[in-house]
Amino acid sequence: MKRLGTPRLHLRVTDSTSERAKALAAQAPHGLLVTAAEQTAGHGRQGRAWTAPAGEGLLMSLVLRDWPELLPLAAAVAVAEAVGPEARIKWPNDILVAERKVAGILVEARSHEGWAVLGIGVNVAVREFPAELRDIAGSLGGTPADVEAFLARLLGNLEAGLAAPLEHTITAWRRRDALQGRSISWNAGEGVAAGVDDEGRLLVALSDGTTTALNAGEVHLGTIES
Ligand code: BTN
Numbered sequence: 095m096k097r098l099g100t101p102r103l104h105l106r107v108t109d110s111t112s113e114r115a116k117a118l119a120a121q122a123p124h125g126l127l128v129t130a131a132e133q134t135a136g137h138g139r140q141g142r143a144w145t146a147p148a149g150e151g152l153l154m155s156l157v158l159r160d161w162p163e164l165l166p167l168a169a170a171v172a173v174a175e176a177v178g179p180e181a182r183i184k185w186p187n188d189i190l191v192a193e194r195k196v197a198g199i200l201v202e203a204r205s206h207e208g209w210a211v212l213g214i215g216v217n218v219a220v221r222e223f224p225a226e227l228r229d230i231a232g233s234l235g236g237t238p239a240d241v242e243a244f245l246a247r248l249l250g251n252l253e254a255g256l257a258a259p260l261e262h263t264i265t266a267w268r269r270r271d272a273l274q275g276r277s278i279s280w281n282a283g284e285g286v287a288a289g290v291d292d293e294g295r296l297l298v299a300l301s302d303g304t305t306t307a308l309n310a311g312e313v314h315l316g317t318i319e320s
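According to my numbering, the sequence shown is numbered sequentially starting from 95.
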């Protein structure tokens, strides 16, 4: 795949790098990158907000004109590898360190228009979280000066990861699976997480001995603490 991150549009403040990238996507070359020091309306999966104090997080969105089948999982592996060996992936693509979410990924694709926007937020140097996130969010504990170096590392990982064979992505993802063997609940049931299948669906062992497969788009997940 061609170089990611060129051209790059960096904004001091914007509503959402993904909204900016989507507005440009139809005319943009593969790899166009939008970054910002601050977002006023950053958003994540399932309508959640994404916030970070100015300059303390990596806020980026990439326009892709071709992308692998399991883009959400491939992106999660690339981000986890940029974070380090301690990073785990909570299906489908939350990046955790010590059980706290340090990065989030939002894929928005319009296949019929020939583009996908890969939005990534990483708490590289965030020092304080709003009260409602204090128990679940985490930071890499870096400084604002580390954000650019993290971005460079991540772009390299994404270039390799998005071009990798599907089975490599799945194998790398499984090695970092944060939910494996844990009790989970979702909007329609509960069970024990049992890895992902080759289509990236979460497998869940149910109490009746059967296994079900969950699609990321349909499911609001929770873990059951024991
Ligand atoms: C999630 O955890 O639900 C995904 C969060 C994705 C946040 C990033 S920050 C950069 C880009 N712009 C956005 O508005 N969202 C993504």
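Where is the CB? At the ideal position from N, CA and C, for every residue including glycine.
With residue i and residue j assumed to form a contact (beta carbons below 8 angstroms), what rounded beta-carbon distance in angstroms separates them?
i	j	result
T129	T100	Contact doesn't hold; Cβ gap of about 12 angstroms is too wide.
L248	A176	4 angstroms
L200	P186	With 8 angstroms as the limit, L200 and P186 do not qualify as a contact, their Cβ atoms being about 11 angstroms apart.
T108	R102	Incorrect: roughly 14 angstroms between the Cβ atoms, too far for contact.
I183	D271	6 angstroms
L152	V216	4 angstroms
E207	A122	The Cβ separation is near 11 angstroms, so there is no contact.
Beta-carbon separation of residue i and residue j under 8 angstroms?
i	j	result
L300	G285	yes
E132	A219	no
A288	V298	yes
W267	A170	yes
P162	L256	yes
G198	W280	no
E253	L98	yes
E226	K116	no
N251	A146	no
Tell me, please, which residues DSSP counts as bridged to residue i.
i	result
H137	A143
V107	E132
K116	The partner list for K116 (beta bridge, DSSP) is empty, contrary to what the question assumes.
D271	I183
D188	K184
G215	L153, G198
T306	V298
L227	According to DSSP, L227 bridges with nothing at all.
Check: Three or more beta-carbon pairs under 8 angstroms between the region 203–215 and the region 287–297, yes or no?
Finding: Verdict: no, contact absent.
Note to self: With three or more beta-carbon pairs closer than 8 angstroms as the criterion, would you say the region 260–277 touches the region 228–247?
What the structure shows: With the cut-off at 8 angstroms, the region 260–277 and the region 228–247 do not touch.
Note to self: Under 8 angstroms, with one C-beta from each stretch per pair, do the region 188–199 and the region 226–235 reach the 3-pair mark?
What the structure shows: In this structure the region 188–199 touches the region 226–235; the number of beta carbon pairs closer than 8 angstroms is three or more.
Notebook entry, point to check: Are the region 120–127 and the region 146–160 touching, with three or more C-beta to C-beta distances below 8 angstroms?
Noted result: The region 120–127 vs the region 146–160: in contact.
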